[in-house]
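First comes the structure, then the notes that go with it.
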Amino acid sequence: MQLQALNAFSDNYIWCATGTDGTALVVDPGEAAPVLAAADAGLRPSAILLTHHHHDHIGGVEELLQRWPQLRVFAPDDARIGSATDVVADGARFRAAGFELEVIAVPGHTSTHVAYFCGVPGGGALFSGDTLFSLGCGRLFEGSPLQMHQSLSRLAVLPASTRLYCGHEYTLSNAAFARVVEPENAALARRTQEAKHMRDNALPTLPSTLESELACNPFLRCGQPRVQAAVAGRLGHQPADEVEVFAELRRWKDGFSE
C-alpha cells in the first residue's frame, strides 16, 4: 500500500492509497482540486471512501464524479451524503482498488460516522476520519460520551502495528492538551518532539501507530491511573467509570487553550 497525503483547506488530509494494480482509494475528498492535481501527476482513482457527512470531507465528491463518473463511492447510510453509490454498515467487508476493507461503525463525532480498516502485510491501515486523531479525538457534535468512548474502544483493540490515517493535522495542538493531562508521560514527550520536528520540516505528523496512541493519547487512556487522577482533580471526586473520565476529558479539551 502506497499512501499519499493531499493537503486540503487549512489542515485537512485527503488520503490516497494506491494498490498493486496502480489504482487508488481516495479518502474523504473535501476538495476536488488536490485530487485532480494528483491525477495530472499520475494518480488513478477507482473508489472513494467517505467516513461522515461533514462538508470538509465530502465537498469535492461531485466534481470528482464529473471527471470519473464510474467511481464507486462508499459511505455510511446517511441522507446527508447524496453521492454514495455503495452504502456500508458496521462489519461490512468489501474490495476496492485491490484492497480488502472492513467497516467499523464509530458514532460520536457524528451519528453515522464510520472508519475503514485495511489489513495489509506489516500492519493494517485505519482511516479514522474525525473519530480518532493522533493524540486526540473528534468533538461530539451528534453523539454522546458513551458512544464515543465505545467507538474509541473498538479502535483500540485493533493490532498495535495499525497505522492511523486521520482527517486533520491536529497533532501538535492535541499534544499541548495531552501534556497537561499527563505531564510525566515520557512516550508523550517523545511523540511531541517527533511531531514538532516533522511540522518544522513541513511534513505530516501522520501516520501514527495505534501502539503510539495507546501510550500517549489521553482519550485512549481513560483507564490509566494518571489520567483518572487528572480528571478527579477537575471533578473534585473520583470518576465513577471510564465514560465519566472520557466525558470530562472531552469537556476539558473543548475549553482548552494553550
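Each residue of the sequence shown is one higher than the last, beginning at 1 in the UniProt record's numbering.
Even for Gly, the Cβ is constructed at its ideal location relative to N, Cα and C.
Pick from the options that is closest to residue i, judged by C-alpha positions
i           : options                         : result
Gly136      : Leu164, Val26 and Gln66         : Leu164
Ser134      : Leu64, Thr209 and Leu101        : Thr209
Val88       : Leu49, Leu65 and Gly124         : Leu49
residue 259 : Leu146, Leu249 and Arg199       : Only positions 1 to 258 of the chain appear in this structure, which leaves residue 259 out of reach.
Pro69       : Arg80, Asp56, Asp78 and Ala84   : Ala84
Ala39       : Leu188, Ala229, Gln4 and Ala189 : Gln4
Unbroken beta strand (DSSP E) run spanning residue i, endpoints
i      : result
Asn12  : Asn12 to Thr18
Asn7   : Gln2 to Ala8
Ile48  : Pro45 to Leu49
Leu126 : Ala125 to Gly129
Beta-carbon gap between residue i and residue j smaller than 7 Å
i      : j      : result
Thr23  : Ala97  : yes
Ala47  : Arg67  : no
Ile104 : Ala115 : yes
Pro34  : Ile14  : yes
His149 : Asp130 : no
Val231 : Pro225 : no
Val106 : Ser173 : no
Pro76  : Gly124 : no
The alpha helix (DSSP H) enclosing residue i, as first and last residue numbers
i      : result
Val231 : Pro225 to Leu235
Asp200 : Ala186 to Asp200
Arg250 : Glu242 to Asp254
Phe117 : From DSSP, Phe117 is part of no alpha helix (DSSP H) but of the beta strand (DSSP E) over Val114 to Cys118.
Residue i burial status per 10 Å Cβ neighbour count (16 or more: buried)
i      : result
Ala178 : buried
Asp90  : exposed
Arg250 : buried
Gln2   : exposed
Gly167 : buried
Val61  : buried
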